[in-house]
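Working notes for the structure below.
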Amino acid sequence: MISDLRNIYPDLYGKEYNENEMDKRFTALIEKHKEIFGTSDAALFSAAGRTEIGGNHTDHNLGKVIGGSVNLDTIGAVSKRNDSRVIIASEGFPVVDVDISDLEVKAGEKNGTDSLVRGIAKAFLNLGLNIGGWEANTTTKVLGGSGLSSSAAIEVLIAEIFNNLYNDDKLSPIELAKAGKYAENVYFGKPSGLLDQASCAVGGVVGIDFKDNDNPVLTPVSVSFEDYGYTMIITDTRGSHADLTGEYASVPPEMREVAAYYGKKNLREVSFSDFIRDMRDIREKVGNDRALLRAYHFFTENERVDFMLQALKEGDIDGFLGFVQESGDSSFRFLQNVYPSSSPKNQGLALAIALSEKILQGEGAVRVHGGGFAGTIQAYVPEHLIDKYIKAMENLFGDGCSMKIAIRKRPVSRIM
Numbered sequence: 112m113i114s115d116l117r118n119i120y121p122d123l124y125g126k127e128y129n130e131n132e133m134d135k136r137f138t139a140l141i142e143k144h145k146e147i148f149g150t151s152d153a154a155l156f157s158a159a160g161r162t163e164i165g166g167n168h169t170d171h172n173l174g175k176v177i178g179g180s181v182n183l184d185t186i187g188a189v190s191k192r193n194d195s196r197v198i199i200a201s202e203g204f205p206v207v208d209v210d211i212s213d214l215e216v217k218a219g220e221k222n223g224t225d226s227l228v229r230g231i232a233k234a235f236l237n238l239g240l241n242i243g244g245w246e247a248n249t250t251t252k253v254l255g256g257s258g259l260s261s262s263a264a265i266e267v268l269i270a271e272i273f274n275n276l277y278n279d280d281k282l283s284p285i286e287l288a289k290a291g292k293y294a295e296n297v298y299f300g301k302p303s304g305l306l307d308q309a310s311c312a313v314g315g316v317v318g319i320d321f322k323d324n325d326n327p328v329l330t331p332v333s334v335s336f337e338d339y340g341y342t343m344i345i346t347d348t349r350g351s352h353a354d355l356t357g358e359y360a361s362v363p364p365e366m367r368e369v370a371a372y373y374g375k376k377n378l379r380e381v382s383f384s385d386f387i388r389d390m391r392d393i394r395e396k397v398g399n400d401r402a403l404l405r406a407y408h409f410f411t412e413n414e415r416v417d418f419m420l421q422a423l424k425e426g427d428i429d430g431f432l433g434f435v436q437e438s439g440d441s442s443f444r445f446l447q448n449v450y451p452s453s454s455p456k457n458q459g460l461a462l463a464i465a466l467s468e469k470i471l472q473g474e475g476a477v478r479v480h481g482g483g484f485a486g487t488i489q490a491y492v493p494e495h496l497i498d499k500y501i502k503a504m505e506n507l508f509g510d511g512c513s514m515k516i517a518i519r520k521r522p523v524s525r526i527m
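Residue numbering for the sequence shown follows this note's numbering, starting at 112 and increasing by one per position.
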């Protein structure tokens, strides 16, 4: 089995990976499955983490984004059961044991993996599909809190296990993402959009237009940044996310304050030209300049996503990187999610961006990554500066803060 996996590694992990390390990782996964569940006859599944490439804080107002699945994944060894229990032993976490014959929402399961299992099973039943029991052990390289969506990876992994074992892979990756979103919204208790799940599920780089939120339009683009001499590096500034819920939560409704001026629910229903024309009156009626600035970011970021996708399709890496830099600048100046207004002394992301720009000297690009306020930045670093860049980041934020990542081609799937 391991020798067969070697043919799949490039689609999962890009051009740079340690074959021996991957062999050991999968061997350990299979052996652990036999130790826990008593069988070595296990199917292997993999779901990627994701990176946000464009469209910072736009999906919640039905905007446009670009996501990419990355070469850091959650893998699972899985066996069917003859009953209705789903058992998941995830490395470093308590065992989850859910009887899916009962799919009622459980208040005590909020924010837990058991709620996701129950919710995804319910999503399959809602579609008239089959569910059944299975047992799995998993391990992940998608670090929690890294902005690479470890929670979305496990959601689409669970969905694909039901999809493969009991439905002959009937659902597409985007439909698996919707099942994960349903579980997260209704059972887990988090009112998230579809960006994270879609980016983890689909594979590669993909533009996603959420104008019709129930049926987002996907634009896949085949690209390897390494082919152009750049490596994407995510740096964790190791700032605390504690007490930042209000900061994140303020962004969607402030954008919607502007939409409400036009009697609309989301900014996507408003034209940019009307917004510019009416800015004075909106300012007087809304009484919140930050809401207007965040709306301005939304409109320009939507336009940028189109430009970024076109640049990638044409192989115009310099044009693409210019738009990445513009996206980061807009997030900093207009969206204002690089540091929390409630804690202006804590500006790790801004420091990381400043140091990045000093090192890059106009080469590559750097931007806030994901939700912002604390957490990670994303940089496209030319090969000759990689060692210098990582050394500087680690000197400021600590050893291991920077991760080199690559785009993964393969969607969430059973791999063996």
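Ideal placement from N, C-alpha and C gives every residue a C-beta, glycine not left out. Everything numeric in this text was worked out from a predicted model, so none of it was measured.
- Contact between Gly178 and Glu163 is confirmed by a C-beta separation of about 6 Å, below the 8 Å threshold.
- A residue is called buried once 16 or more other Cβ atoms fall within 10 Å of its Cβ, and Gly219, having fewer, is exposed.
- Sixteen is the threshold: since fewer than 16 other Cβ atoms of the shown chains lie within 10 Å of the Cβ of Ser114, the residue is exposed.
- Taking C-alpha positions only, Tyr293 is separated from Gly239 by approximately 15 Å.
- In summary, Ala465 is exposed, with fewer than 16 beta-carbon neighbours lying within 10 Å of its beta-carbon over all protein chains present.
- The criterion of a C-beta distance shorter than 8 Å is satisfied by Leu404 and Phe445.
- Check the Cα spacing between Ile186 and each of Lys135, Asn167, Arg196: the tightest is with Lys135.
- Rounded to the nearest whole angstrom, the C-alpha separation of Asp427 and Phe336 is 11 Å.
- Under the DSSP assignment, Ala218 falls outside any alpha helix (DSSP H); it carries neither an H nor an E label.
- Judged by DSSP in its simplified three-state form, Asp510 adopts coil rather than helix or strand.
- Taking 3 residues as the minimum length, the beta strand (DSSP E) runs contained wholly in the segment 262–327 are 316–320, in order along the chain.
- Residue state for Val228 is assigned as helix, using DSSP reduced to three classes.
- Straight across, the Cα-Cα distance linking Asp280 with Ala188 is about 17 Å.
- At least 8 Å separates the beta-carbon of Asp152 from that of Ser180.
- Take Pro363, set aside five residues on each side of it, and the residues of its chain with a beta-carbon closer than 7 Å to its own are His171, Asn172, in chain order.
- Gly179: member of the beta strand (DSSP E) spanning 175–191, first to last residue.
- Judged by DSSP secondary structure, Val197 falls within the beta strand (DSSP E) whose first and last residues are 196–201.
- Under the rule that a run must span 4 or more residues, the alpha helix (DSSP H) segments found entirely inside the segment 320–394 read 356–372, 383–388.
- Within the same chain, Gly511, Cys512, Ser513 come within 8 Å of Glu505 by CB-CB distance, once the 5 residues on both sides are set aside.
- The continuous beta strand (DSSP E) containing Gln489 extends over residues 487–493.
- Per DSSP, the unbroken beta strand (DSSP E) holding Asp210 starts and ends at 207–210.
- Straight through space, the alpha carbons of Ser438 and Gly166 are spaced by roughly 8 Å.
- DSSP places Val479 within a strand segment (E or B) once states are collapsed to three.
- By the Cβ-count criterion, Gln472 is exposed, with fewer than 16 other Cβ atoms from all chains shown falling within 10 Å of its own Cβ.
- Inclusion of Gly482 and Asn448 in the CB contact set at 8 Å is warranted, their separation being smaller than that value.
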